[in-house]
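K.L.:
Heads up, our numbering is the position in the sequence shown plus 262, with the first residue counted as 1. Glycine included, each C-beta is placed from N, C-alpha and C at the ideal position. All figures in this text were calculated on a predicted structure; none of them were measured in a lab.
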Amino acid sequence: VLTKRLADHSIINYSRGGWSVHASRDYVDPAYIDGVPPLRPNYVVIVLGTNDFSVGEPLEEFRAGYRAILDRLLSALVVPVDHVFCVTPVPRLDEDRANTAGHVLDDYRRVVQEECSTASGIPLDGSQAIPASVAYFSDTIHPNDRGHASIASWLLEQLRAHGVGRR
263 VLTKRLADHS IINYSRGGWS VHASRDYVDP AYIDGVPPLR PNYVVIVLGT
313 NDFSVGEPLE EFRAGYRAIL DRLLSALVVP VDHVFCVTPV PRLDEDRANT
363 AGHVLDDYRR VVQEECSTAS GIPLDGSQAI PASVAYFSDT IHPNDRGHAS
413 IASWLLEQLR AHGVGRR
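1) Measure the C-alpha to C-alpha separation of Thr402 and Arg354 and round it to an integer number of angstroms.
2) Measuring only the C-alpha atoms, how far is Asp356 from Ala411?
3) Can you tell me which residues form a DSSP beta bridge with Phe399?
4) Span of the beta strand (DSSP E) holding Tyr305?
5) In whole angstroms, give me the CA-to-CA distance for Ile392 and Glu419.
6) Comparing alpha-carbon positions, which option in Ile331, Tyr398 and Ser277 lies nearest Ala381?
7) Classify Val373: buried if its beta carbon has 16 or more other beta carbons within 10 angstroms, exposed otherwise.
8) Are there 16 or more other CB atoms within 10 angstroms of the CB of Asn361, so buried, or fewer, so exposed?
9) For Ala293, which residues from the same chain have a beta carbon less than 8 Å from its beta carbon, with the 5 sequence-adjacent residues on both sides left out?
10) Whole angstroms is fine: what's the gap from His424's alpha carbon to Phe324's?
11) Closer than 7 Å to a non-hydrogen atom of the ligand MN - does that hold for the CB of Ala423?
12) Take Asp369 as the anchor and find which of Leu339, Gly318, Phe399 and Asn304 has the nearest alpha-carbon.
13) List the DSSP bridge partners of Pro385.
14) Suppose you measure from the CA of Thr265 to the CA of Val366; what does that come to, to the nearest Å?
15) Taking C-beta to C-beta, are Gly427 and Leu268 nearer than 8 Å?
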């Protein structure tokens, strides 16, 4: 959706399904990021947190891991970027229940917002990206096509508010 709507931009997606700060511990080291071609983006969008909520990642470990990913990513950039955007976790239908670490999804959102701001990034409130309605989910966690379209439209609106894709 973003590729179609931002046709004058090249979008490279380095995401992995099920990715989390917790799962990325082995990939934050230089051997992983240095294996990625030199990054020369104008903008970087990072979306992490909901899977950490799912596995019950303790909040301080999530904070340390998120910060390590931000630091390593920013050090891998060849040139300064115009903006680094950090999207807080998007809604889930189970987000108000505490996970095994005793946290709700808003706790992870706050960490993303704080760490992104500390790194001079722009936090984007992902809680507004998709309505918390069964019509937008294939289950309680995963957005369906309608949900993904909502997220893409919301993200495009957020990026444009910061000057991305304006003609």
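P.N.:
So, from the data block:
1) 6 Å
2) 21 Å
3) Pro405
4) Tyr305 to Val309
5) 13 Å
6) Ile331
7) buried
8) buried
9) In this prediction, Ala293 has a pLDDT of 49, which is less than 50 and means its spatial position is unreliable; nothing more can be read from the coordinates.
10) 27 Å
11) As presented, the structure is devoid of all ligands, the ligand MN included, so that no description of it is given.
12) Gly318
13) Cys348
14) 32 Å
15) yes
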